[in-house]
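Take a look at the structure below.
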Amino acid sequence: MSPLLPEFIQQAEALIQGGEILPSGVNHLARRLQTAVETNTPLRIKLGLDPTRPDLHLGHAVVLKKLRAFQDLGHKAVLIIGDATALIGDPSGRNNTRPPLTEAEVLVNAQTYLDQASKIINLEKAEIVRNSAFFNEMGLQGLLQLTAQVTVAQILARDDFSKRYSQNTPIALHEFLYPLMQAYDSVMVRADLELGGSDQRFNNLLGREMQLAYAKLRGEDPTSINPQLVLLLPLLEGTDGKVKMSKSYPENCINLTDSPSEMFGKLMSIPDAMILRYETLLAQLPEQQLKQHAEMLADPEGYGINPRDMKVGLAKFMVASFHSGEAADLAEEAFNALFRDKALPTEMPEHTLTAGESYVLVDLLVEAGLAPSKSEARRLIQGGAVKLNGETKVADVLATISGIPTESLVLQAGKRKFVRLLFVQRMGVTPIK
RNA sequence: GGGUAGGUGCCCGAGUGGUUAAAGGGGGCGGACUGUAAAUCCGCUACUUCGGUUACGUUGGUUCGAAUCCAACCCUGCCCA
1 MSPLLPEFIQ
11 QAEALIQGGE
21 ILPSGVNHLA
31 RRLQTAVETN
41 TPLRIKLGLD
51 PTRPDLHLGH
61 AVVLKKLRAF
71 QDLGHKAVLI
81 IGDATALIGD
91 PSGRNNTRPP
101 LTEAEVLVNA
111 QTYLDQASKI
121 INLEKAEIVR
131 NSAFFNEMGL
141 QGLLQLTAQV
151 TVAQILARDD
161 FSKRYSQNTP
171 IALHEFLYPL
181 MQAYDSVMVR
191 ADLELGGSDQ
201 RFNNLLGREM
211 QLAYAKLRGE
221 DPTSINPQLV
231 LLLPLLEGTD
241 GKVKMSKSYP
251 ENCINLTDSP
261 SEMFGKLMSI
271 PDAMILRYET
281 LLAQLPEQQL
291 KQHAEMLADP
301 EGYGINPRDM
311 KVGLAKFMVA
321 SFHSGEAADL
331 AEEAFNALFR
341 DKALPTEMPE
351 HTLTAGESYV
361 LVDLLVEAGL
371 APSKSEARRL
381 IQGGAVKLNG
391 ETKVADVLAT
401 ISGIPTESLV
411 LQAGKRKFVR
421 LLFVQRMGVT
431 PIK
């Protein structure tokens, strides 16, 4: 074997940065990288995504960006659309069974996933595999063979399962299958490295075992097998700064499909303590800059900086990378106008009303989508949340409103919900009954 | 199959006959403040034609009155087989 070259060690270090490689040690990865170049066979980098809910968020972006980094070095991205595994739902980090999905939902979500992933990775150069392709073929025998490779004790050793088990919360048997199936993915796509969040440790490591097990079944020499490496990346906390960003808590997520202003605003809402973490995992700023930011954040007054401005920088960077620089500028302007200067937004949904008619405000709030029910609308008014044209606060629950033709009024509920009311002349003749 | 403990609002969780639309916490929403949709503080958190109506696994029953008592059923944990 040729000696390990420093350039590949450096490459490996850069790739591992922020994450954890298993088995641990830079050299494992460096060796693979070098061999790949020497033999001119790109590494197969596996990432599995379950189309359980249609939107990818910035948590996924952390892993996808890493996948992109491998792509940029000429390696093969193997994207698994877990349309079979999605029928179970990953029990990782869960304390209860996931709600099942219909097959139709899974299909729609899968397509959306690919569209969104294409914002980060180069989809044309990636290999895309739906795991239903081989799981549907597997048959009972295949399933039994798969399940025979792992013992119940091994599965129960997994943290989530053992916790649920000891807390007497139900575990459905099919949930045990999830790690096995994910591991089998690795066998089928002959993965050299699997990417995952740090909660994927068990599943990804099982992939190694499974690759070995199946190699033995095929009668291959176990010593000649190189099971996949595992690169685990930290889980990004959501906008609350506490719980990891997860599809299970949509309000805590920043989605890749979020509009520029939405993405900007959500990034501005992360706690100050999260700034550095986002910069590390998402913006992937150079180490030096991160260090500098850490110092400044530790003593904002001393450095004469405002953490807010740092957040603005982060928010603009992210919006620019998912939308465009222009969109980022516009989002910043709109944000400042709306929240700093408390101006009305320039664009908002419209709701058309007939001029001269009298409308009860409570009804209007519901019709215009500003409140989910009339009771809620009343509460909003009582809480002082409802304003007209940004000025007049409505205090009366029984208030009514009417307008003259071509007049427009801005109805506002809270700081973020606006609707423009347009009054038009009644058209034609109203039929009289 | 036998025994036993449970099933409460978006989530967790108190409540064992009557001001209980149901304590407390989390989450969410709103307000004030600010440097932002940070932090902090405060309020709200079933629906309604404002008469009421619907809610504590389901369906019946007892009672002037039930989340609370009774019966059957469904679901979950644990022990035994």
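Mapping the first sequence onto our numbering, position 250 (from 1) lands on 250, and the numbers just tick up by one. Virtual Cβ for every residue (Gly too), placed ideally from N, Cα, C.
- If you look at residue 413, you'll find it in the beta strand (DSSP E) that goes 408 to 413.
- With a 10 Å radius around the Cβ and a threshold of 16 neighbouring Cβ atoms, residue 179 comes out buried.
- A Cβ-Cβ separation of about 6 Å places residue 51 in contact with residue 81 under the 8 Å criterion.
- Per DSSP, reduced to three states, the secondary structure at residue 401 is strand.
- Going by C-alpha positions, residue 417 is about 7 Å away from residue 370.
- In the same chain as residue 44, and ignoring 5 residues on each side of it, the C-beta atoms closer than 7 Å to its own belong to 76, 78, 189, 190, 191 and 192, in chain order.
- The beta carbons of residue 54 and residue 108 sit closer together than 8 Å.
- Burial is judged here by how many other beta carbons sit within 10 angstroms of a residue's own beta carbon; residue 288 has fewer than 16 and is exposed.
- In the structure shown, residue 150 falls within a coil segment according to DSSP collapsed to helix, strand and coil.
- With 16 or more neighbouring CB atoms inside 10 Å of its own CB, residue 184 falls in the buried class.
- Relative to the Cα of residue 251, the nearest Cα in the group 266, 377 and 297 belongs to 266.
- Among the bridge pairs identified by DSSP, residue 196 is matched with 232.
- Around the beta-carbon of residue 316, 16 or more other beta-carbon atoms lie within 10 Å, marking it buried.
- Your pair residue 227 and residue 211 checks out as a contact, with CB atoms roughly 4 Å apart and the cut at 8 Å.
- The continuous beta strand (DSSP E) containing residue 80 extends over residues 76 to 81.
- By the Cβ test, the stretch 350 to 369 is in contact with the stretch 398 to 410, since at least three Cβ pairs between them sit closer than 8 Å.
- About 6 Å separates the beta carbon of residue 28 from that of residue 229, a gap short enough to meet the 8 Å contact definition.
- Of the other Cβ atoms in all chains shown, 16 or more fall within 10 Å of the Cβ of residue 31; this residue is therefore buried.
- When DSSP states are grouped into helix, strand and coil, residue 35 belongs to the helix group.
- DSSP links residue 127 through a beta bridge to 78.
- Secondary-structure assignment with DSSP links residue 204 through no beta bridge to anything.
- In the three-state DSSP reduction, residue 323 falls in the coil class, being neither helix nor strand.
- Per DSSP, reduced to three states, the secondary structure at residue 239 is coil, with no helix or strand assignment.
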